[in-house]
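**Student:** If you read the protein sequences in the order shown, they are chains A and B. For any residue, its number in the numbering used here is found by taking its place in the first sequence, counting from 1, and adding 1145. For any residue, its number in the numbering used here is found by taking its place in the second sequence, counting from 1, and adding 1145. Just so you know, even glycine gets a beta-carbon here, dropped at the ideal spot from N, CA and C. A quick note: this is a predicted structure, and the numbers were derived from the prediction, not measured.
2 protein chains.
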Amino acid sequence: MPPRNDARTDRDFMAGLGKGLSVIECFDEENVLLSVSAVAARARLSRAAARRCLLTLQRLGYAELDGGLYRLTPRVLRLGFAYIASNELPDLLQPRVDQLSGEIHESCSASILDGDEIVYIARAATKRIMTVALGIGARLPATCTSMGRVLLASLDPDEAARRIAAAPRKAFTPRTMTREEDLLRILQQVRQQGYCVTDQELEIGLVSIAVPIQNTAGKTVAALNIGTQSARFAAADLSARFLTKLKAAQKDLRPLIKSPG
Amino acid sequence: MPPRNDARTDRDFMAGLGKGLSVIECFDEENVLLSVSAVAARARLSRAAARRCLLTLQRLGYAELDGGLYRLTPRVLRLGFAYIASNELPDLLQPRVDQLSGEIHESCSASILDGDEIVYIARAATKRIMTVALGIGARLPATCTSMGRVLLASLDPDEAARRIAAAPRKAFTPRTMTREEDLLRILQQVRQQGYCVTDQELEIGLVSIAVPIQNTAGKTVAALNIGTQSARFAAADLSARFLTKLKAAQKDLRPLIKSPG
DNA sequence: ATCAAAACGTGCGATAATCGCACATTACTA
DNA sequence: TAGTAATGTGCGATTATCGCACGTTTTGAT
């Protein structure tokens, strides 16, 4: 489990904690109820270890037994909520996301970058526009989403290139950009124009536009986007239609987001 | 840490996992950045154990070091999201919550019961109506909220009485009901009328109305509410104004929510 | 209905990992 | 500058974790 050997850090690594967390992450949309063996297989643990983790989680109220199978309880939300509550960003962005969505009657979201994925931290949906539901905490690949590209573009170019090189670049649709050089060129363009439009690269029929959200120090800390259906707006029309609103939100939010330290 | 001695279960309890989870829960709105000692104190751990947990969380990407202090990373959302994604309820309720909020231009939420607290699992806010922000995963005492009372009322009366007796009943405002007998009487009333209105019991100026949401088997699995300001609607007017919409949502949702098993 | 295969719970000895004290070091404060 | 407090580190003792192996239960196919 420990990726590297950090001398001291290696001694202080608590294997049990790592295993338990990976057990929690075993559960998802397609795996609501899992058996001990299934968890062991998914988390790459021995059956005994998986069982001990599940028993512990059950004892602590994070999991419950349902006819021989385990399921997570709402108590698990306490963990994710520890982040939401400890980070002011979601609180600051959610009202504005709600407002924007109400004004334009389109889905609106905010996300941050975590490795090569974006993580939704605020969201307001008019109706479900994607086949998959995207609630808070949901993750999408950064390389093929408008918010992800805006966030990647805000990084040091070398760092951005590194993450793109390391990221799996699956072609979700025929339009998905997968070539490294194409992505780097797009990032360059995003840096210049200050926003990003994606045209059905994640799902056919889905278009979106995103802008970076900066803190008082000017550092990009999140991305804000509007997503809609290509049947209603062509990708080329998104900037003319929504960019003013997004830029206004960007400007309003900036003084509210204090830089750390 | 283990509450009881369950013979076998006791042997299979992984102390390290329990400690790590309690460390994560140390972080909240008022404690964004915590030192090793602070975490040790909050989680009731030895400094060494707290340090090992934090080091492990850092290694796994759940925490990061910021000038000698630790902070949670968005990766923690993966844990809470494991629940959201593995439970269909939030997905089913969120669109309807969004829709309802859009129609009536008031804040609308859904929650479930966890012990003596309600946990928000879907939410759409028009503007911030409470001084505290309530995102997904947020918790409030069940006894003094409209959704909490609806959910408590759905339990076996003995069980409800037990939870009320065990719950801390803090008076958030002068109007907060704290007497056990009053609460039991209210629950009785809620069972009869099928909804609950609360009038500034959690925060002055805040009124709300809630109805239970049932699955196909008729079992209450969540509560749906509308919250607004007493300056706009008197508590007595809430049912006349909003009950029809809430009941409609209740009826629409019921066939969508399958009973487990 | 019967049987095989798979999954589950349990016991236990060996091992390795956690534990927390004690010390050295580094901030922070008065 | 001295004193307080918090941090990182080393290490021996302890104990909790590990995973195999066994017996039992459930599943599912014939």
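Identify whether I1331 (chain B) lies in helix, strand or coil by the three-state DSSP scheme.
**Tutor:** helix
**Student:** So, helix, strand or coil for G1213 (chain B), using DSSP?
**Tutor:** coil
**Student:** Please list, in chain order, the residues of the segment 1224 to 1235 of chain A that have any C-beta partner in chain B closer than 9 Å.
**Tutor:** L1224, G1225, F1226, A1227, Y1228, I1229, A1230, S1231, N1232, E1233, P1235
**Student:** Use the C-beta contact count for D1382 (chain A): other C-beta atoms within 10 angstroms, 16 or more gives buried, fewer gives exposed.
**Tutor:** Exposed, by the Cβ-count rule.
**Student:** Measure the Cβ-Cβ separation of T1218 (chain A) and S1246 (chain A) and say whether it is below 8 Å.
**Tutor:** no
**Student:** Taking the alpha carbon of L1222 (chain B) as the point to measure from, which residue in A:E1348, A:E1262, A:I1358, A:K1390 has its own alpha carbon closest?
**Tutor:** When each option's Cα is compared against that of L1222 (chain B), the closest is A:E1262.
**Student:** Would you say D1157 (chain B) reaches chain A, if we count a Cβ-Cβ gap shorter than 8 Å as a contact?
**Tutor:** yes
**Student:** How would you call P1235 (chain B), buried or exposed, if buried means at least 16 neighbouring beta carbons within 10 angstroms?
**Tutor:** Within 10 angstroms of the beta-carbon of P1235 (chain B) lie 16 or more other beta-carbons, which makes it buried.
**Student:** Could you check whether G1161 (chain B) and L1369 (chain A) sit closer than 8 Å to each other, using their CB atoms as the reference points?
**Tutor:** For L1369 (chain A) and G1161 (chain B), no; Cβs fall outside 8 Å.
**Student:** Do you know how far the Cα of A1283 (chain B) is from the Cα of I1229 (chain A)?
**Tutor:** Straight through space, the alpha carbons of A1283 (chain B) and I1229 (chain A) are spaced by roughly 9 Å.
**Student:** Does the pairing of the segment 1174 to 1187 of chain A with the segment 1237 to 1251 of chain B give three or more beta-carbon distances under 8 Å?
**Tutor:** no
**Student:** I'd like to know if the segment 1322 to 1338 of chain B and the segment 1363 to 1377 of chain B are in contact, where contact means that at least 3 CB-CB pairs between them fall below 8 Å.
**Tutor:** In the pairwise beta carbon analysis, the segment 1322 to 1338 of chain B is classified as not touching the segment 1363 to 1377 of chain B: fewer than three pairs are separated by under 8 Å.
**Student:** Within its chain, find whatever has a CB closer than 6 Å to the CB of R1307 (chain B); leave out the 5 residues flanking it on each side and keep chain order.
**Tutor:** Once the five neighbours on either side are set aside, R1307 (chain B) has no close Cβ partner at all.
**Student:** With a cut-off of 8 Å, does the C-beta of P1219 (chain B) fall near any C-beta of chain A?
**Tutor:** yes
**Student:** Measure from the alpha carbon of L1388 (chain A) to the alpha carbon of each residue in A:F1172, A:I1249, A:N1360, then state which is nearest.
**Tutor:** A:I1249
**Student:** Give the straight-line distance between the Cα atoms of I1266 (chain A) and D1344 (chain B), rounded to the nearest whole angstrom.
**Tutor:** I1266 (chain A) and D1344 (chain B): Cα-Cα distance of roughly 31 Å.
**Student:** Checking the sheet assignment: what are the DSSP bridge partners for P1357 (chain A)?
**Tutor:** A:A1368
**Student:** Can you pull the chain B residues whose beta carbon is under 9 Å from the beta carbon of G1293 (chain A), in chain order?
**Tutor:** Here the premise fails: no neighbours, minimum Cβ distance about 13 Å.
**Student:** Using the three-state DSSP reduction, which class does Y1207 (chain B) fall into: helix, strand or coil?
**Tutor:** Reduced to three states, the DSSP call for Y1207 (chain B) is coil.
**Student:** Could you check which residue in A:V1295, A:A1362, A:T1201, A:G1212 has the C-alpha nearest to that of V1177 (chain A)?
**Tutor:** A:G1212
**Student:** Kindly indicate which three-state DSSP category A1385 (chain B) falls into: helix, strand or coil?
**Tutor:** helix
**Student:** How about I1358 (chain A) and L1300 (chain A): do their beta carbons lie closer than 8 Å?
**Tutor:** no
**Student:** Starting from R1341 (chain A), find everything on chain B with Cβ-Cβ shorter than 7 Å and list it in chain order.
**Tutor:** According to the sequence displayed, residue 1341 (chain A) carries Cys and not Arg. Result: empty, since nearest Cβ-Cβ is about 20 Å, beyond 7 Å.
**Student:** Please go through the same chain and pick out, in chain order, the residues whose beta-carbon is closer than 8 Å to the beta-carbon of A1310 (chain A), but skip the five residues on each side of it.
**Tutor:** E1325
**Student:** Please list the terminal residues of the continuous alpha helix (DSSP H) segment that includes L1296 (chain B).
**Tutor:** 1291 to 1298
**Student:** The alpha helix (DSSP H) that contains Y1228 (chain A), what's its start and end?
**Tutor:** 1222 to 1231
**Student:** Answer with yes or no whether the minimum CB distance from N1150 (chain A) to chain B is below 8 Å.
**Tutor:** Note that N1150 (chain A) scores 38 on pLDDT, short of 50, meaning its location in the model is unreliable and no value can be drawn from it.
**Student:** Exposed or buried, what is K1403 (chain B) when buried is set at 16 or more other beta-carbons lying within 10 Å of its beta-carbon?
**Tutor:** exposed
**Student:** Nearest to R1196 (chain B) by CA position, among B:D1173, B:E1174, B:I1169, B:R1220, is which residue?
**Tutor:** B:I1169
**Student:** Using a 10 Å radius around the Cβ and a threshold of 16 neighbouring Cβ atoms, would you call R1377 (chain B) buried or exposed?
**Tutor:** The residue is exposed, with fewer than 16 neighbouring Cβ atoms inside 10 Å.
**Student:** Can you tell me the Cα-Cα spacing of F1158 (chain B) and L1202 (chain A), whole angstroms?
**Tutor:** 9 Å
**Student:** If you draw a straight line from the C-alpha of A1355 (chain A) to the C-alpha of K1392 (chain A), how long is it?
**Tutor:** 10 Å
**Student:** Compare the beta carbon distance of L1179 (chain B) and L1214 (chain B) with 8 Å and say whether it is the shorter of the two.
**Tutor:** yes
**Student:** If you check the beta carbons only, do Q1239 (chain B) and G1280 (chain A) fall under 8 Å apart?
**Tutor:** yes
**Student:** Please classify S1404 (chain A): does DSSP put it in a helix, a strand, or coil?
**Tutor:** coil
**Student:** To the nearest angstrom, report how far apart L1199 (chain B) and V1342 (chain B) are at their CA atoms.
**Tutor:** 44 Å
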